[in-house]
Amino acid sequence: MERLDKLISTAVPLPIEDIDTDQIIPARFLKAISKVGFGQNLFRDWRYSSDGNQIADFVLNNPIYKGSILVAGRNFGCGSSREHAAWALGDYGFKVVISSFFADIFKGNALNNAILPLQVSDEILHQLFHKIEQNPSTAFIIDVENQTLTCDEIIFHFELDAYKKVCLINGYDDIDYLLSIREEIEEYERRAGEIVS
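Shown next, in the form of structure tokens:
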């Protein structure tokens with residue numbers, strides 16, 4: 029997986045609450061068996077009309093909003109457990125999604141795919157939307173090691189599971205992590221064998 033230790037980027041605002049996984053990637057686009065190619069259908073029914081034309085006022089079609097951070101309304105990723113939602117976000121280029129609440133299954137899927145679901149308070153979320161509205165070029169700094177989000181004068185310390193933090197910083201999936209501690213595992217097994225015999 030791709031490493032995520034520090035990220036400096038502008039952000040794309042999507043101030044809509046209760047965005048479910050079928051809105052993130054509609055079910056009719058789940059036929060592929062690899063993780064690539066889903067980004068083109070991210071938010072498909074909001075980005076394109078039924079005849080395939082871009083919907084001009086949707087935020088991903090507005091050239092003033094760019095970046096690898098999506099700032100979304102409360103309760104992002106609810107609905108089904110489809111991992112494809114995280115695949116679509118990652119394939120589009122998002123590395124961090126900021127919201128004031130995430131569905132648990134989405135949060136796990138995101139972290140398993142090197143996307144940081146960064147949960148802030150409702151107040152901070154409102155301030156971030158205001159920052160982007162005032163200046164779409166506002167820089168966001170995400171420091172995974174120190175677990176901070178910085179945006180102008182806003183400095184927010186976010187929670188992150190210690191195991192997932194190690195995986196994000198090193199670009200590990202679960203197998204990579206086990207391989208990284210192989211010597212410790214072998215030493216444990218050797219000691220356990222001595223105790224039994």
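With the working numbering, the residue at position 28 of the sequence shown is 56, and numbering never jumps.
We put the beta carbon where it would ideally sit given N, CA and C, even for glycine.
This structure is a prediction, so every number in the text was calculated from the model and none was measured.
Spatially closest choice to residue i from the options, by CA coordinates
i      : options                        : result
Ile92  : Asn163, Val194 and Ser208      : Asn163
Gln155 : Glu181, Ile97 and Asn90        : Glu181
Ala60  : Leu70, His112 and Tyr76        : His112
Asn90  : Leu32, Leu42, Ser109 and Ile36 : Leu42
Asp132 : Ile223, Asp202 and Arg110      : Arg110
Leu117 : Tyr216, Leu88 and Ser128       : Leu88
Gly107 : Ile52, Tyr216 and Ile203       : Ile52
Gly121 : Glu214, Ser37 and Glu217       : Ser37
Whole-Å CB distance - residue i paired with residue j, under 8 Å assumed
i      : j      : result
Trp115 : Lys192 : Actually they are not in contact, since the Cβ atoms of Trp115 and Lys192 sit about 18 Å apart, beyond 8 Å.
Ala100 : Ile143 : About 12 Å; that fails the 8 Å criterion.
Thr49  : Gly105 : 6 Å
Ile97  : Val124 : 5 Å
6 Å Cβ shell around residue i - same chain, five flanking residues per side excluded
i      : result
Arg72  : Pro54
Ile44  : Gly101
Ile169 : Ile36 and Thr178
Whole-angstrom distance between residue j and residue i, CA atom to CA atom
i      : j      : result
Glu153 : Met29  : Reading off the sequence, residue 153 comes out as Leu, not Glu. For Leu153 and Met29, the distance between alpha carbons rounds to 28 Å.
Phe184 : Asp171 : 10 Å
Ala39  : Ala84  : 18 Å
Thr166 : Ile126 : 15 Å
Gln175 : Leu188 : 7 Å
Arg210 : Gly221 : 16 Å
Ser78  : Asn69  : 13 Å
Lys94  : Gly80  : 22 Å
Glu173 : Lys34  : 8 Å
Gly67  : Arg75  : 12 Å
Ser208 : Asp201 : 11 Å
Glu214 : Ile203 : 15 Å
N- and C-terminal bounds of the beta strand (DSSP E) containing residue i
i      : result
Ala40  : Reading the sequence as shown, one finds Val at residue 40 and not Ala. Taken as a continuous stretch (DSSP letters only), the beta strand (DSSP E) holding Val40 covers Ala39 to Leu42.
Leu177 : Thr176 to Cys179
Bounding residues of the alpha helix (DSSP H) (the contiguous stretch that carries residue i)
i      : result
Ser127 : Where Ser127 is concerned, there is no enclosing alpha helix (DSSP H), although the beta strand (DSSP E) it sits in stretches over Val124 to Ser127.
Ile152 : Asp150 to Gln162
Ile170 : Segment Phe168 to Asp171 is the beta strand (DSSP E) holding Ile170; no alpha helix (DSSP H) there.
Ala116 : His112 to Tyr120
Beta-carbon contacts of residue i that lie in its chain and below 8 Å, excluding the five residues immediately before and after
i      : result
Gly199 : Met29, Glu30, Arg31, Leu32 and Ala142
Leu139 : Pro145, Asp189, Lys192, Cys195 and Leu196
Phe186 : Leu146, Gln147, Val148, Gln175, Thr176 and Leu177
Cβ-based neighbour list, residue i, same chain, cut-off 7 Å, excluding 5 preceding and 5 following
i      : result
Phe130 : Phe104, Gly105, Pro145 and Gln147
Ser128 : Arg102, Gln147, Val148, Ser149, Asp150 and Leu153
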